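Numbering (numbering that gives the first Met the number 0), first residue to last: 0 to 599. The beta carbon of each residue, even a glycine, is placed where N, CA and C say it ideally should be. Please read all numbers here as calculations on a predicted model, not as lab measurements.
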Amino acid sequence: MAGRIEDYALIGDMQTAALVCRDGTVDWLCLPRFDSHAIFAGLLGTEEHGFWRLGPAHAADAEPPTAARRTYRGDSLILESEWDTSRGTVRVTDFMPPRDGAPQLIRIVEGVSGRVPMRSALRMRFSYGRVVPWVHKHEGRTVAVAGPDSVWFDTDCETYGKALTTYSDFTVAPGDRIAFTISWEPSHKQPPPLPEPEQSLEATEDFWREWVEHCTYHGPYREAVIRSLITLKALTYAPTGGIVAAPTTSLPEDIGGVRNWDYRYTWLRDAAITLSSLLRTGYREEARAWREWLLRAVAGDPENLQIMYGIAGERELGEAELDWLPGYENSGPVRVGNGAAHQLQLDVYGEVTEALHLAHMTGLSRNDYASLLQLKLIRYLEQHWDEPDEGIWEVRGPRRHFVHSKVMAWVAVDRTIKLIESGDADGPLEKWRELRDDIHRDVCEKGYDKERNTFTQSYGSKELDASLLLIPQMGFLPPDDKRVIGTIEAIQRELSTSDGFILRYPTTSGEENVDGLPGDEGAFLACSFWMADDLAMIGRVDEARKLFEKLLSLRNDLGLLAEEWDPRLKRQVGNFPQAFSHVPLIDTALRLTASGAYGG
């Protein structure tokens, strides 16, 4: 069985990523891209679906020992795990060098004290654990081939095959360093070059050190912010600038339930807010690359804007179920692709426009087509802003007039007006000012419950929604407006868990089942960060800081967050690590730092 979600560490090369468990097992890796088929899919099944364990040898009928300590080496994505055994201490360093050729996963074993017997067990299964490759020797190297893929395994250790698994048994003493590498290459091409693990380790460390030096945040939450920024960088697909929501698929929002989705794609919303956090902390190059990705993905067809695309801008992301995988802790189905790609989510226009506006305000060089795209998006909204949609949470129930969607449509128009007022674009200024006023009036009349003094999830609904917390953050209303304060307090009363975290919305109620899905879910972490932001904005800064630091305590030992927190099971749930959790962590840290609302 796979480990708990928080037991995993992330390593990656800005084109794909692997998850490494505390016991030294790589249970998830897709090659050569984030959205490729997995060669290790044990995370969503069993060891029969592929894994690579490297750690101290143990009895066949015993559980693999877990590392006594693990950390990232400085501000990097280089994982170091140490085991203390009865025979001594050993360290394993895992990393994926930023790619210059074939993708590689490198694992270096180092003796620290004593003499420690070790074992590497490598079971490659292609096509998400379904296909057993042909494993053979080629000029002294081990290669696994299946269809279009080949994976090359290199080490100086002796290897042997048993039960369709490649093993290495060896002993390390102080000063010993033994490397293991897998490299991917299309099966019809020549073998990849022999790896150079030590040089690659040095280059990887240099890359991350130089990248982190560009960070402009130096406040009291720097450690958490830096780790989140590194995680967001790791979720960026370097060749195109696309940003995935998470490197995994089908990690459940509800253990044993059906709320399992594929997040290995670029949501315009998630990517836009990620971009905003990067811009606020000094990373303009990532902003430029994402803007170029956006222009290619949307192309000349902004009227058919999708909510998500493939990492190279692909439009077709057909959803399918992998019935041979039982799912994480039997949480099926396992899905690949995402059928929500063609939903109507009007809030996306606001998030994209806000990101383009922020890029413009922070001095990113002008791009005439980006300004033209922004104008075209508003012309589309002119005709469609008053339609029902599926909303920010991608409900699979009926379309509704979601208040958050209308607010973000207002944001899109407002930011475009500001672009025109700055002189960097031309457009019907008075007409769009009227449109901005019309949307604002519509939301305040139809999306506000006067009796309860709160905005509601959708027009005519009595339900609340945590996305309403973004109303003051987007400038739709000032923080001191009584309707804003009333909404914040209502969400605290009605959407708060017993330990103070915020749910997205009621998943079931007597009135309606808004998302059309059975089961429940955990507290969506982004919503709790939004609450901390709002509390700070309305002057309740001590309360905001306490909530923020409580959220920081939910991170795993390496500073990583999944999508949600299950308050009943006291564990992380959902795809991991999740950009939509790390982005608001950064934003809240910046807000609290600016307000002076921090301890110590």
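Check                                                                                                              : Outcome
Reduced DSSP category for Ala143 - H, G, I as helix; E, B as strand; rest coil                                     : strand
DSSP-derived helix/strand/coil call for Asp533                                                                     : helix
Completely contained beta strand (DSSP E) runs for the region 81-112, where each covers 3 or more residues         : 87-94
Close-in-space but distant-in-sequence residues of the same chain around Trp323 (CB under 6 Å, 5 per side omitted) : Arg129
Integer-rounded CB distance, given that Ile105 should sit under 8 Å from Thr154                                    : About 10 Å; that fails the 8 Å criterion.
Neighbour-count burial assignment, Glu184, 16 or more Cβ in a 10 Å radius                                          : buried
Rounded straight-line distance, which links the Cα of Val442 to that of Gly23                                      : 52 Å
Uninterrupted beta strand (DSSP E) stretches inside the region 537-578 (no shorter than 3 residues)                : 563-565, 570-572
Minimum length 4: unbroken alpha helix (DSSP H) runs contained in the region 204-292                               : 221-233, 267-279
Spatial distance of Ile484 from Gln342 (CA atoms)                                                                  : 32 Å
Option in Asn555, Thr84, Gln472, Ser364 with minimal Cα separation from Leu9                                       : Asn555
Residue(s) in a DSSP beta bridge with His135                                                                       : Val142
Beta-carbon proximity list for Ala178, same chain, < 6 Å, skipping 5 on both sides                                 : Ile107, Pro196
Check whether Tyr282 and Gln14 have beta carbons under 8 Å apart                                                   : no
Endpoints, the beta strand (DSSP E) within which Thr180 is located                                                 : 176-185
Outcome for Trp133 when other beta-carbon atoms lying within 10 angstroms are tallied against a minimum of 16      : exposed
Beta-carbon separation (whole angstroms), Ser249 vs Trp260, contact threshold 8 Å                                  : 7 Å
Environment of Pro576 [buried if 16+ CB atoms lie within 10 Å]                                                     : buried
Residues near Met473 in its chain [Cβ-Cβ closer than 6 Å; skip 5 each side]                                        : Val410
Validate contact between the region 35-53 and the region 320-339 using beta carbons, cut 8 Å, 3 pairs              : yes
For Asp436 and Gly422, the rounded distance between their alpha carbons                                            : 21 Å
Buried versus exposed, by CB contacts within 10 Å (16 or more), Leu30                                              : buried
Ser85 versus Leu28 - alpha carbon distance                                                                         : 32 Å
Asp586 in three-state terms, based on DSSP                                                                         : helix
Candidates Glu462, Leu463, Ala408, Val402: closest to Gly446 by CA position                                        : Val402
Beta strand (DSSP E) segments (min. 3 residues) lying fully within the region 332-399                              : none
Bridge partner(s) assigned by DSSP for Phe152                                                                      : Thr141, Ile181
Stretch-stretch touch, CB-based, cutoff 8 Å, three pairs: the region 86-104 with the region 199-216                : yes
Member of Glu79, Glu350, Cys20 whose CA lies at the smallest distance from the CA of Arg90                         : Glu79
When Leu274, Leu163, Arg114 are compared against Ala56, the one with the closest alpha-carbon                      : Arg114
Beta carbon of Leu418 nearer than 8 Å to that of Gln373                                                            : yes
Residue nearest to Ser149 in terms of C-alpha spacing, selected from Phe169, Met123, Glu291                        : Met123
Identified DSSP bridge partners for Glu320                                                                         : Arg334
Run of the beta strand (DSSP E) containing Met117, from where it starts to where it stops                          : 115-122
Exposure of Arg365, with buried meaning 16 or more beta-carbon neighbours within 10 Å                              : exposed
Limits of the unbroken beta strand (DSSP E) element including Leu43                                                : Taken as a continuous stretch (DSSP letters only), Leu43 belongs to no beta strand (DSSP E), as it is neither H nor E.
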